[in-house]
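So the sequence shown is numbered by the numbering used here: it starts at 1 and just counts up by one. Structure record follows, encoded as structure tokens.
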Amino acid sequence: MPTDSASTSLDRRVAIVTGAGSGIGREIALMMAASGAAVAALDIDGQAALQTAALIGDAGGRALGLRADVSQEADIDEAVGTAVATLGPLDIMVNNAGILDGYLDVHEMDPAVWRRVIDIDLTSVFLGCRRALREMLPRGRGRIINMASVAGLNGTGGGVAYIAAKHGVIGLTRQMAVVYGNRGITVNAVCPGVIPTGLRHHSQELLGPGLPDFARRGVAVNDDQVRALVPAGVRGSVQDIAASVCFLAGDGAGYINGHSLVVDGGWRAR
Ligand code: NAD
């Protein structure tokens with residue numbers, strides 16, 4: 001990746017964003033496209049992925065919406081292949097898709113839920129990185145950005161599967177940065193704090209019946225809890241997170257590798 005300017009322009013780059021059908025992923029896709037990238041928006045909700053691509057197209061950008069369950073190797077393989085064949089060689093891979101686990105502790109966690117959350121939140125990132133490397137290693141360039149969480153650094157912010165998965169994402173990111181740093185590829189993580197999205201609702205739907213109501217569980221469910229937890233006193237926005245991802249994908253971040261960028265209004269500084 002050229003590093004001759006500190007610009008955040010993503011002109012002529014090709015990016016894939018997983019979980020781009022809503023929330024943080026959709027905003028990353030929109031912001032990258034507005035910065036000049038051609039974007040493949042992947043989501044398990046194929047209609048939502050197509051809507052993101054349509055929003056980009058309406059704004060004059062190049063985009064593709066694809067259904068893919070990122071926990072499935074065959075889905076990732078096919079979607080990345082289609083994206084590259086349609087948009088061009090892959091420059092940026094954003095492994096963003098994820099779900100919550102209902103804030104369950106070890107003694108209440110069903111092993112089947114544990115496995116599904118680890119599959120979607122951690123194994124998917126491994127699979128996305130692995131497939132992206134097939135495109136990036138031969139070219140000797142690329143940017144990989146993995147969506148972790150403050151829950152990847154603290155023993156709070158989720159239940160045990162979510163926290164273990166997000167800690168795993170940070171470990172995976174660091175190991176890859178060490179291994180591929182001399183091959184022109186950077187691998188970084190972003191750790192959002194409290195961001196209003198449909199995450200609780202989508203996670204409950206995707207995990208199916210039999211789990212407690214996610215809306216009532218966890219940290220920062222109301223404004224008083226947010227004020228007590230977050231020095232900024234307010235929730236962050238999807239734009240706050242997308243801007244950090246675009247920065248890590250841009251030319252100005254060429255010497256940043258293996259970093260976990262915390263975007264949390266000061267939560268973790270406590
Ligand atoms: P969201 O639910 O709005 O977006 C997540 C998207 O991922 C959804 O469109 C969903 O359909 C998709 N998805 C879920 N499972 C999938 C699968 N198996 N394959 C493909 N797509 C799948 O939630 P969000 O808040 O935008 O979450 C995005 C990422 O940010 C997640 O990794 C989440 O853990 C992380 N995060 C969010 C917050 C927050 O406060 N919202 C905080 C820290 C980290």
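Note that the Cβ used here is the ideal one computed from N, Cα and C, for glycine as well. Since the model is a prediction, treat every value here as computed from it, not as a measurement.
A distance criterion of 8 Å places the beta-carbon of Ala-68 in contact range of the ligand NAD, judged by its closest non-hydrogen atom.
Just so you know, the alpha carbons of Ile-118 and Arg-139 end up roughly 31 Å apart. Burial of Val-226 is indicated by the presence of at least 16 other C-beta atoms within 10 angstroms of its C-beta. Beta-bridge annotation (DSSP): Leu-66 is paired with Leu-42. The ligand NAD has a heavy atom closer than 8 Å to the beta-carbon of Ser-71. Considering only Cys-191, Gly-157, Gly-142, the residue with the shortest C-alpha distance to Gly-181 is Gly-142. With a threshold of 8 Å, the Cβ atom of Thr-173 does not count as near the ligand NAD, since no heavy atom of the ligand is closer than that. Note: Gly-142 is bridge-paired with Ile-185 in the DSSP secondary-structure output.
Assigned with DSSP and collapsed to three states, Pro-196 falls in coil, not helix or strand. For Ala-79, the uninterrupted alpha helix (DSSP H) run begins and ends at 73-87, by DSSP. Three or more pairs of CB atoms, one per stretch, sit closer than 8 Å, so the segment 105-124 contacts the segment 160-170. Relative to the ligand NAD, Asn-154 has its C-beta separated by 8 Å or more from all heavy atoms. The C-beta distance from Gly-258 to Asn-188 rounds to 7 Å, short enough to fall under 8 Å.
Nearest Cα to Val-84 within the set Leu-100, Asp-69, Gly-65, Ala-97: Gly-65.
In the three-state scheme derived from DSSP, where H, G and I count as helix and E and B as strand, Thr-18 is classed as strand.
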